[in-house]
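One structure below.
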Amino acid sequence: ATYNHLIASIGKPGRTEIAKPDLDWASIWRWVAKIKRKNAELVWDFNHNQLPTKMRLNSLNLSNNDQCPLCNAGQETDDHLMLLCKEKVDISLCLRIQLTKLGCLKPLKSAINGDVGNGP
1 ATYNHLIASI GKPGRTEIAK PDLDWASIWR WVAKIKRKNA ELVWDFNHNQ
51 LPTKMRLNSL NLSNNDQCPL CNAGQETDDH LMLLCKEKVD ISLCLRIQLT
101 KLGCLKPLKS AINGDVGNGP
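Oh and the sequence shown: position 97 is 97 in the UniProt record's numbering, straight run, nothing missing.
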């Protein structure tokens with residue numbers, strides 16, 4: 001509750017649907033609805049810049065440690081959690097496959113950063 005309140009006070013979450021209207025967002029969100037609830041919530045939180053990463057919690061003074069608790073191999077940032085953490089590789093691969101099927105030809109890191117349009 002405290003985290004959500006602090007995130008809301010910083011500003012509105014990003015909306016890649018508005019930024020990239022050429023993609024079939026209805027299909028994308030239908031696909032997200034079919035994956036496990038925990039993973040679907042992770043995708044939604046990521047898309048809306050609300051992943052409670054250690055770096056984000058640290059910036060809000062809610063944590064004094066920014067190390068990834070899953071792998072202890074780096075700072076837990078959005079990129080680390082979605083791309084680099086060996087404990088989350090399965091989600092990254094699943095996202096890459098589905099985004100490609102739905103028309104996103106950008107590298108996964110670009111998609112994670114909100115650039116989900118067509119093209120290399």
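Here a beta-carbon is modelled for each residue, glycine too, at the ideal position from N, C-alpha and C.
Cutoff 7 angstroms; reference residue i; Cβ partners in own chain excluding five residues on either side
i     : result
Lys34 : none
Asp66 : Lys54, Met55, Asn58, Gln75 and Glu76
Residue burial classification, residue i (beta-carbon count within 10 angstroms, cutoff 16)
i      : result
Gly11  : For Gly11, the predicted structure reports a pLDDT of 43, less than 50, and the residue's modelled location is therefore unreliable. The matter cannot be settled from this model.
Cys104 : buried
Which listed residue (the options) has its alpha carbon closest to that of residue i
i     : options                          : result
Gly43 : Lys106, Pro107, Met82 and Thr100 : For the record, residue 43 in the displayed sequence is Val; it is not Gly. Comparing Cα positions, the closest option is Met82.
Ser27 : Lys106, Pro107 and Thr100        : Thr100
Cys71 : Leu23, Cys85, Leu62 and Lys38    : Cys85
Sequence-distant residues of the same chain with beta carbon closer than 8 angstroms to residue i, five excluded per side
i     : result
Trp29 : none
Asn64 : Asn58
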